[in-house]
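The structure appears right after this line, and notes come after that.
There are 2 protein chains.
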Amino acid sequence: MYAAILAGGVGTRLWPRSRQSQPKQFSDIVGSGRTMIQATADRIAGLVAPNDLYVVTGLPYAALAAEQLPEVPTTQIIAEPSGRNTGPAIGLACVHIRQRNPQAVVAFLHSDHVVLDPAAFRAALQQAEPAAQAGYIVTLGIEPTFAHTGYGYIKRGIPLEGLSQDSSTVYSVEQFLEKPDRTTAESFLEEGGYYWNGGIFVCRVDVMLEEFSRQLPELAAGLARIDAALARSRDAADPIFHATFNEVWPTLPSISIDHGIMEHAQNVATVPLDAGWNDVGSWDALEAILEQDESRNFVAKGGLLPLESHGNIVYTDKEVVALIGVENLVVVDTGDTLLIGDKQQMQKVKDVVEYLRSQGRSELL
Amino acid sequence: MYAAILAGGVGTRLWPRSRQSQPKQFSDIVGSGRTMIQATADRIAGLVAPNDLYVVTGLPYAALAAEQLPEVPTTQIIAEPSGRNTGPAIGLACVHIRQRNPQAVVAFLHSDHVVLDPAAFRAALQQAEPAAQAGYIVTLGIEPTFAHTGYGYIKRGIPLEGLSQDSSTVYSVEQFLEKPDRTTAESFLEEGGYYWNGGIFVCRVDVMLEEFSRQLPELAAGLARIDAALARSRDAADPIFHATFNEVWPTLPSISIDHGIMEHAQNVATVPLDAGWNDVGSWDALEAILEQDESRNFVAKGGLLPLESHGNIVYTDKEVVALIGVENLVVVDTGDTLLIGDKQQMQKVKDVVEYLRSQGRSELL
Chain A
1 MYAAILAGGV GTRLWPRSRQ SQPKQFSDIV GSGRTMIQAT ADRIAGLVAP NDLYVVTGLP
61 YAALAAEQLP EVPTTQIIAE PSGRNTGPAI GLACVHIRQR NPQAVVAFLH SDHVVLDPAA
121 FRAALQQAEP AAQAGYIVTL GIEPTFAHTG YGYIKRGIPL EGLSQDSSTV YSVEQFLEKP
181 DRTTAESFLE EGGYYWNGGI FVCRVDVMLE EFSRQLPELA AGLARIDAAL ARSRDAADPI
241 FHATFNEVWP TLPSISIDHG IMEHAQNVAT VPLDAGWNDV GSWDALEAIL EQDESRNFVA
301 KGGLLPLESH GNIVYTDKEV VALIGVENLV VVDTGDTLLI GDKQQMQKVK DVVEYLRSQG
361 RSELL
Chain B
1001 MYAAILAGGV GTRLWPRSRQ SQPKQFSDIV GSGRTMIQAT ADRIAGLVAP NDLYVVTGLP
1061 YAALAAEQLP EVPTTQIIAE PSGRNTGPAI GLACVHIRQR NPQAVVAFLH SDHVVLDPAA
1121 FRAALQQAEP AAQAGYIVTL GIEPTFAHTG YGYIKRGIPL EGLSQDSSTV YSVEQFLEKP
1181 DRTTAESFLE EGGYYWNGGI FVCRVDVMLE EFSRQLPELA AGLARIDAAL ARSRDAADPI
1241 FHATFNEVWP TLPSISIDHG IMEHAQNVAT VPLDAGWNDV GSWDALEAIL EQDESRNFVA
1301 KGGLLPLESH GNIVYTDKEV VALIGVENLV VVDTGDTLLI GDKQQMQKVK DVVEYLRSQG
1361 RSELL
């Protein structure tokens, strides 16, 4: 199995730790000692060889990716000249990997997700492999733990027989559903058979590129030109390839893989995933990821000295953070900035970022 | 008029900004651009010439005092080899100043107080001067603004006639009262004629030294030896003086001026002071000192970006402190430490300091 790690985004929801100069996937957000993209690569070690690992990221971050994943051949760190959403990014990965193996099975992973149980994650990818070999695009269906309204959902269909040792582990997909309202989300959980769509999937590159041709012909034509240029070049560093790539890339439509491909793809399957998955959508997510310490606080980084203070999430470079009589705060300290917020309101970090942007304080973003 | 600024203490109540390496009097706690001891000197400028200003501080801080008050002759920065409380400190200042003028009138000031109305403060000192000349020890009686239980009180007696242009500005002192309980403090305010004892007073050096002889003969004998050594020396830097000083000083009893002298002094008077006095006893005191900004927060230092956050007191070196949905916090950031606390519980800073001391983290104190 091959893998392609998507590492193109610059998340602002984990500001001030996630910055334009170092997006969250290149930071150690959970205090594990490894950055999120390193943890992503670690998670599939043993299942995917470093030599079969690809990274798609923005041009400004290619060096950072190469530095953090020295085991990945640098020609497999694919730099997008500009962000064109997940559709072109995945198409580009397919084009590169097909040079190696025209029917390669690839796991498409995000670089900024946390998985508490990597073994269960690898097991799900392995369960997806036979169906992917058989021509399915197999999404991982994340077992919902509550009625989240911030994710799309996958409604599973019937079990697909003969595609795994345990027939109940692979299902057809009846429908992809948009982010629901609260009531709808609750009904999904009550009814069962619905999963969060985490955007993680496994498929053959030729199957995916065929879907591009069928559903997004304009994008597919652009990818075909890139593909042809790559075939004529020595490698992805070849100037001949780059001339074509840089000419074609900006003309590609910016579209997500969900809207562009998945929702109307022909053979879609799903494998349930119950592995403590978390996309760390805001700082308060650390509460579900970190172990609570003996004082009932959550420390990702830094020395904590809590006095009658509980339920706080702390990420700092400080030797000592003294808390006195405070509860349910998020405290994030970087060199130049400090964020202190009510744990329930951390989605408003985007308003802070928006304000700083409006004030031209780009050095802080 | 002469002045002696007492700058010997190492306050822990404003940790982590007040540190052993730089006690609060040598820090700019209120964000005025001047340290507290500088603000103390500024406050009496025009009333006391720099050449008539003395500072009594601990040996480790003499260089800091000289650096921050370059206008004060270095021989007038008096370094105590060890802390012996306010009694010996004031006695030492008297001994030094009497070399210049045996009947000098001296204002004894603390280096770590804030006064919002310096003109009113100077006026009170000026009102105290004739009574001090006449042989009184004149304490400033701070008009209480609420029933504080953390200060001693001064009960005023009758107006002293003929000692000021306005006869109502100088009163005899009927009694010095220990820190009262809540009910007693409230009765003081209701009854009227009670003042907070801020430990600020004006007197002649010979009057004070006479009180030492009368009430603390052992201490007075030690001071007399220091006095004699100083008289024989060229100046306070003379090694002959230092030999005696270093021999005598550690033998002096450690006692406060309040208990040792003031409570039983013969001629004590008081001048009311209504000048926005504040001894910055804990971080929440900044609320009474700083102007509230348009977001209803109190910023001593650092850039603040508050989102639905009010009533917070912030002292940091950060370009941006983003607050989201938090109220009535104190936030103090230094390089290595961060303090976040509920404004109502800031007296517990001493518990944090105590804990760090018990853990041997003296580098953080």
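Chains A and B supply the protein sequences, listed in that same order. Here the first sequence stands for residues 1 to 365, numbered as in this note's numbering. Here the second sequence stands for residues 1001 to 1365, numbered as in this note's numbering. All C-beta atoms, glycine included, are put in the ideal place defined by N, C-alpha and C. Source: prediction; values computed, not measured.
Discussion item. Against chain A, with Cβ distances strictly below 7 Å, would B/A1300 count as a contact?
Written reply: For this step, residue 1300 of chain B is matched to residue 300 along the second sequence. Judged by the 7 Å Cβ criterion, B/A1300 is not in contact with chain A.
Item to complete: Note down the Cα distance separating A/A7 from A/M208, rounded to an integer number of angstroms.
Response: Mapped onto the first sequence, residue 7 of chain A falls at position 7. Mapped onto the first sequence, residue 208 of chain A falls at position 208. When rounded, the distance between both Cα atoms is 19 Å.
Worksheet entry | Contact with chain B by A/D336, beta-carbon distance below 7 Å | In the first sequence, counting from the first residue as 1, residue 336 of chain A sits at position 336. True, the Cβ-Cβ gap to chain B drops below 7 Å.
Fill in: Span of the beta strand (DSSP E), counted from its first residue to its last, around A/E319
The residue you call residue 319 of chain A lines up with position 319 of the first sequence. Here A/E319 belongs to no beta strand (DSSP E), and DSSP marks it neither H nor E.
Worksheet item: A/F108 lies in the beta strand (DSSP E); which residues open and close that run?
Response: Translated into positions along the first sequence, residue 108 of chain A becomes position 108. Segment 105–110, the beta strand (DSSP E) holding A/F108.
Item to complete: Check A/E294 in the structure and name its three-state DSSP category.
Response: In the first sequence, counting from the first residue as 1, residue 294 of chain A sits at position 294. In this structure, A/E294 counts as coil in the three-state DSSP scheme.
Worksheet entry | Unbroken alpha helix (DSSP H) run spanning A/P217, endpoints | By one-based count along the first sequence, residue 217 of chain A stands at place 217. First-last of the alpha helix (DSSP H) with A/P217: 217–232.
Worksheet item: Taking C-beta to C-beta, are A/M262 and A/V105 nearer than 7 Å?
Response: Against the first sequence, residue 262 of chain A aligns to sequence position 262. Against the first sequence, residue 105 of chain A aligns to sequence position 105. Not in contact: A/M262 and A/V105 (Cβ atoms no closer than 7 Å).
Item to complete: Measure the CB-CB distance between A/I369 and A/V56 and report whether it falls below 7 Å.
Response: Any question about residue 369 of chain A goes unanswered here, given that chain A covers just 1 to 365.
Worksheet entry | Span of the beta strand (DSSP E) around A/Y171 | Against the first sequence, residue 171 of chain A aligns to sequence position 171. Per DSSP, A/Y171 belongs to the beta strand (DSSP E) from 171–177.
Worksheet item: Smallest Cα separation from A/L367: which of A/A243, A/L219, A/A220?
Response: Because residue 367 of chain A is not part of the residues shown, which for chain A are 1 to 365, the question remains open.
Worksheet item: Near B/Q1133, which residues of its chain fall below 8 Å by C-beta distance, leaving aside the five closest residues on each side in sequence?
Response: Along the second sequence, read from residue 1 onward, the residue named residue 1133 of chain B stands at position 133. So the list reads V1105, R1204, once near-sequence residues are dropped.
Practice prompt. Rounded to whole angstroms, what's the CA-CA distance from A/A62 to B/V1030? Just pull it up for me.
Written response: As a first step, residue 62 of chain A is located in the first sequence; it is residue number 62 there, counting from the start. As a first step, residue 1030 of chain B is located in the second sequence; it is residue number 30 there, counting from the start. Between A/A62 and B/V1030, the C-alpha separation is close to 46 Å.
Worksheet item: What residue from A/G141, A/R234, A/Q127 has the CA that sits closest to A/E161's CA?
Response: Within the first sequence, numbered from 1, the residue matching residue 161 of chain A stands at position 161. Out of A/G141, A/R234, A/Q127, A/Q127 has the C-alpha closest to the C-alpha of A/E161.
Item to complete: Could you have a look at B/W1196 and say whether DSSP puts it in helix, strand or coil?
Response: Working through the second sequence from its first residue, we reach residue 1196 of chain B at position 196. Of the three classes helix, strand and coil, the one that applies to B/W1196 here is strand, per DSSP.
Worksheet item: If we ignore side chains and look at the alpha-carbon of each, how far apart do B/S1233 and B/F1241 end up?
Response: Here residue 1233 of chain B corresponds to residue number 233 of the second sequence, with the count starting at 1. Here residue 1241 of chain B corresponds to residue number 241 of the second sequence, with the count starting at 1. One C-alpha to the other measures close to 6 Å.
Worksheet item: Looking at C-beta atoms only, is the number of pairs between the region 1346–1357 of chain B and the region 321–340 of chain A that lie closer than 8 Å three or more?
Response: yes
Worksheet entry | Segments assigned beta strand (DSSP E), at least 3 residues, entirely inside the region 9–78 of chain A | 53–58
Worksheet item: Can you name, in chain order, every residue of its own chain whose Cβ lies under 8 Å from the Cβ of A/R17, other than the five neighbours on each side?
Response: Here residue 17 of chain A corresponds to residue number 17 of the first sequence, with the count starting at 1. Taken in chain order, the residues that qualify are K24, S27, I29, Y315, V332, T334.
Worksheet entry | C-beta atoms of B/L1338 and B/R1084 nearer than 7 Å | Position 338 of the second sequence, counting from 1, holds the residue named residue 1338 of chain B. Position 84 of the second sequence, counting from 1, holds the residue named residue 1084 of chain B. Not closer than 7 Å, so no.
Worksheet item: Do you know how far the Cα of B/N1328 is from the Cα of B/D1342?
Response: Counted from its first residue, the second sequence places residue 1342 of chain B at position 342. Counted from its first residue, the second sequence places residue 1328 of chain B at position 328. Taking the straight line from one Cα to the other gives about 6 Å.
Discussion item. Can you tell me whether A/N204 is helix, strand or coil according to DSSP?
Written reply: Within the first sequence, numbered from 1, the residue matching residue 204 of chain A stands at position 204. Checking the displayed sequence, the identity of residue 204 of chain A turns out to be Arg instead of Asn. Here A/R204 sits in strand by DSSP.
Discussion item. Below 8 Å on C-beta distance, what does B/D1333 contact in chain A?
Written reply: Translated into positions along the second sequence, residue 1333 of chain B becomes position 333. Going along chain A in sequence order, the residues near B/D1333 (Cβ under 8 Å) are D333, L338.
Item to complete: Say whether the region 149–163 of chain A touches the region 107–121 of chain A, bearing in mind that this needs 3 or more beta-carbon pairs closer than 8 Å, one atom from each stretch.
Response: no
Worksheet item: In terms of residues, what are the limits of the alpha helix (DSSP H) holding B/G1091?
Response: Sequence index remark: in the second sequence, residue 1091 of chain B carries index 91 (1-based). First-last of the alpha helix (DSSP H) with B/G1091: 1086–1100.
Worksheet entry | Option in B/A1123, B/L1286, B/G1141 with minimal Cα separation from B/I1044 | Translated into the one-based positions of the second sequence, residue 1044 of chain B becomes position 44. Comparing Cα-Cα distances from B/I1044 to each of B/A1123, B/L1286, B/G1141, the minimum goes to B/A1123.
Practice prompt. Give every residue of the same chain whose Cβ lies closer than 7 Å to the Cβ of A/L177, excluding the five residues on either side of it in the sequence, and list them in chain order.
Written response: As a first step, residue 177 of chain A must be located in the first sequence, where it is residue number 177. Excluding positions up to five away in sequence, the list reads G152, Y153, K155.
Item to complete: Provide the residue span of the alpha helix (DSSP H) that contains A/T145, from first to last.
Response: What you label residue 145 of chain A is simply residue 145 of the first sequence in a count that begins at 1. Taken as a continuous stretch (DSSP letters only), A/T145 belongs to no alpha helix (DSSP H), as it is neither H nor E.
Worksheet item: So with Cβ pairs under 7 Å, would you call B/A1004 a contact of chain A?
Response: Working through the second sequence from its first residue, we reach residue 1004 of chain B at position 4. No, no contact with chain A.
Item to complete: Figure out for me which residue from A/A120, A/N297, A/L69, A/L305 has the closest Cα to the Cα of A/R34.
Response: Indexing the first sequence from 1 puts residue 34 of chain A at position 34. A/R34 has its Cα closest to that of A/L69, out of A/A120, A/N297, A/L69, A/L305.
Practice prompt. Tell me A/I313's beta-bridge partners as DSSP assigns them.
Written response: Working through the first sequence from its first residue, we reach residue 313 of chain A at position 313. In DSSP, A/I313 forms a bridge with A/F298, A/V330.
Worksheet item: What residues in the region 306–318 of chain A have a beta carbon less than 8 Å from any beta carbon of chain B?
Response: L307, E308, T316, K318
Discussion item. Any contact between the region 279–290 of chain A and the region 1301–1321 of chain B? By contact I mean 3 or more CB pairs, one from each, below 8 Å.
Written reply: no
Worksheet item: Using a Cβ-Cβ cut-off of 6 Å (strictly less than) and excluding sequence neighbours within five positions of A/S254, which residues of its own chain qualify?
Response: Taking the first sequence and counting its residues from 1, the one referred to as residue 254 of chain A is at position 254. Within the same chain, A/S254 has close Cβ partners R84, N85.
Discussion item. Taking 6 Å as the limit between beta carbons, can you name the residues of its chain near B/A1147, skipping five residues before and five after?
Written reply: Counted from its first residue, the second sequence places residue 1147 of chain B at position 147. So the list reads A1185, E1186, L1189, once near-sequence residues are dropped.
Fill in: Test item: CB-CB of A/I77 and A/A66 under 7 Å
Here residue 77 of chain A refers to the residue found at position 77 when the first sequence is read from its first residue. Here residue 66 of chain A refers to the residue found at position 66 when the first sequence is read from its first residue. Cβ atoms of A/I77 and A/A66: closer than 7 Å.
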